[in-house]
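Protein chains in written order, with my numbering: chain G, 1 to 305; chain C, 1 to 305.
From the three backbone atoms N, C-alpha and C, an ideal C-beta is built for every residue, glycine too.
Read through the structure below, which is laid out as structure tokens, and then see the notes.
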């Protein structure tokens with residue numbers, strides 16, 4: 001049995017994932033928990049990491065590569081940002097070392113777009129991007145990474161030209177829970193990317209993005225006047241927000257050779273359907289695979305065998 | 001001293017206003033309180049009304065005209081909706097009587113647009129519209145009534161052809177308080193309609209409405225990368241939401257002869273500035289005057305002297 005080459009950690013705001021990786025690239029062990037930055041900032045990043053490493057029987061000398069919010073100002077150790085335009089190969093080279101620990105622990109930087117009119121930041125998604133880039137052909141690609149703060153990256157070969165964050169997931173959450181729409185959405189069930197309420201909302205919002213905040217209110221009015229079901233109301237809210245996001249991302253994309261969707265699970269399926277409904281051909285890369293591939297690329301660059 | 005012709009009540013979700021009006025149209029007394037529908041639904045609508053009438057020494061026979069949320073399903077007595085296209089003159093004729101009370105109390109209906117694709121409702125603003133319509137010339141007017149749920153009405157002479165509600169004020173509130181932007185906005189001060197941060201946000205959002213949910217995130221990124229002040233952050237959030245609202249309203253307006261803004265106070269000044277920045281000539285009517293004029297028009301139609 002191999003003792004492991006490195007451990008890779010994707011440390012988000014609310015989630016922690018660790019993979020123990022062998023010299024042949026095989027995953028020897030995996031850990032998942034809810035000890036994201038928010039929790040770890042209270043109980044200690046080192047303690048959280050050590051607990052999970054111990055559970056995998058990782059040797060004491062094993063180096064650790066980390067991406068995500070552990071590198072934020074309010075994280076373990078600030079890892080700064082690479083400024084756009086940025087070469088993906090520069091990510092590993094700009095990792096910072098966590099000082100005063102008994103092993104080699106590196107945290108990858110985020111990306112910053114310092115444009116005064118369109119300032120933007122990402123932290124964690126740059127590693128997904130590094131992992132996904134290997135599966136893309138040459139040319140200019142638009143890479144969509146949906147989530148709480150959806151990222152759309154304009155990638156030209158190995159270079160991140162720029163990117164745009166859309167608050168789609170967070171708006172869905174705060175509007176669902178805290179606005180007048182909460183009544184219309186209460187107890188709504190699961191919907192799919194081919195449900196008519198979702199499909200129509202994506203189309204309408206993408207066609208008339210200026211009406212997005214009006215379409216949101218029509219969810220409430222639809223409930224009052226047409227007994228719109230809670231599940232359809234959820235689908236319309238989601239479709240409206242995803243529709244304006246797609247329209248906005250395409251409006252700033254310029255000429256592209258392809259669109260890549262980096263996403264997992266139900267959210268990935270929903271975006272895939274929405275993009276296809278807009279007549280867009282999409283290459284779909286699993287986000288979990290992408291982040292592991294990105295961490296692996298960085299680890300191999302930092303600690304070559 | 002005249003004993004009063006009628007009392008007029010604007011009963012909103014969170015506010016109550018009453019005017020005692022003489023036969024010559026003069027306001028003899030005025031009452032304002034926070035006993036809107038939310039409070040009155042608990043303590044009793046009749047009790048709230050009686051307390052304020054007693055404080056104005058209103059005679060027992062005085063008739064009462066009411067608009068707003070007192071006529072909602074969860075209000076005092078449901079007053080239903082007039083369907084669009086609707087003549088403003090039909091509002092008074094469709095008032096409902098509150099039963100089992102010792103005086104003549106009427107509640108005005110709201111307006112409903114039952115279009116399956118663009119369902120919409122208003123309750124209270126139809127009375128402002130009735131009051132403002134008297135000051136408008138002939139032809140097609142776009143009437144903007146900003147607020148928690150901003151209403152834009154397509155008015156052709158006396159006829160409401162249709163209208164669109166934008167969730168601008170409520171989105172500002174929930175995003176300010178519950179999203180990641182709350183950090184960037186904390187302790188932000190007052191901003192004005194000519195502040196560059198507001199002006200630029202209105203322009204950018206109106207020009208590229210598809211980017212609205214991206215522009216919201218840039219408030220956070222601007223704080224991280226450019227130390228955007230909390231007051232400028234508030235101005236950008238507000239400008240972005242008002243910009244997309246204006247773009248959306250104009251996109252559905254069709255050919256119009258004029259734009260009328262029905263609004264009071266700082267919000268009215270902000271919208272006036274935003275509309276002027278978009279090169280639009282605006283007739284500004286005070287919202288308090290408009291609702292009193294609308295209630296007066298309805299009272300005179302129901303109880304002619």
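Asked	Found
Residues of the region 144 to 172 of chain C whose Cβ lies closer than 9 Å to any Cβ of chain G, in chain order	148, 149, 150, 152, 164, 165, 166, 167, 168, 170 and 171
Near-chain G residues of the region 194 to 220 of chain C - C-beta to any C-beta below 7 Å	208, 209, 210, 211, 212, 213, 214, 216, 217 and 218
Pairwise C-alpha distance: residue 163 of chain C and residue 256 of chain C	14 Å
Min CB distance residue 275 of chain C to chain G below 8 Å	no
For residue 45 of chain G, the first and last residue of its enclosing alpha helix (DSSP H)	45 to 55
Identity of the residue in G:20, G:241, G:186 and G:122 nearest residue 70 of chain G by Cα	G:122
Helix, strand or coil at residue 255 of chain C according to DSSP, with G and I counted as helix	coil
Neighbour flag for residue 37 of chain G against chain C, beta carbons, 8 Å	no
Partners in chain C for residue 114 of chain G, counting only beta-carbon separations shorter than 7 Å	225
Closer than 8 Å to chain G by CB, residue 121 of chain C	yes
Straight-line Cα distance separating residue 250 of chain G from residue 138 of chain G	19 Å
Cutoff 8 Å: residue 222 of chain C Cβ touching any chain G Cβ	yes
Cβ contact check for the region 62 to 79 of chain C and the region 8 to 24 of chain C: 3 or more pairs under 8 Å	yes
CA-to-CA distance, residue 131 of chain C to residue 59 of chain C, given in whole angstroms	26 Å
Three or more C-beta pairs below 8 Å linking the region 74 to 85 of chain C and the region 280 to 289 of chain C	no
is_contact[residue 241 of chain C, chain G] using C-beta, thresh 8 Å	yes
Under 8 Å from the C-beta of residue 284 of chain G: neighbouring residues of chain C	Result: empty, since nearest Cβ-Cβ is about 23 Å, beyond 8 Å.
Nearest-angstrom Cα separation, counted from residue 99 of chain C out to residue 176 of chain G	37 Å
Beta-carbon proximity check, residue 27 of chain G vs residue 178 of chain C, cutoff 8 Å	no
Neighbouring residues, chain G, relative to residue 244 of chain C (Cβ below 7 Å)	210, 212 and 213
Close Cβ partners of residue 128 of chain G (< 7 Å) along its chain, the five nearest in sequence each way excluded	145, 262, 287, 290, 291 and 294
Identified DSSP bridge partners for residue 140 of chain G	G:156
Under the three-state DSSP convention, the category residue 5 of chain G falls into	coil
8 Å Cβ cutoff, residue 248 of chain G in contact with chain C	yes
Within-8 Å CB hit, residue 33 of chain C to chain G	no
Counted within 10 angstroms of its Cβ, other Cβ atoms place residue 116 of chain G as buried (16 or more) or exposed	exposed
DSSP-derived helix/strand/coil call for residue 276 of chain G	helix
Residues of the region 176 to 188 of chain C with Cβ closer than 7 Å to any Cβ of chain G, in chain order	178, 179 and 180
Other residues of its chain near residue 118 of chain C: CB distance less than 8 Å, five sequence neighbours each side excluded	162 and 164
Opposing strand residues paired with residue 261 of chain C [DSSP bridges]	C:144 and C:284
Three-state class that DSSP yields for residue 228 of chain G in the structure shown	coil
Local Cβ density within 10 Å of residue 234 of chain G, reported as buried at 16 or more and exposed below that	buried
C-beta neighbour in chain C for residue 251 of chain G, strict 8 Å	yes
Through-space distance from residue 104 of chain G to residue 53 of chain G, alpha-carbon basis	13 Å
Cutoff 8 Å: residue 118 of chain G Cβ touching any chain C Cβ	yes
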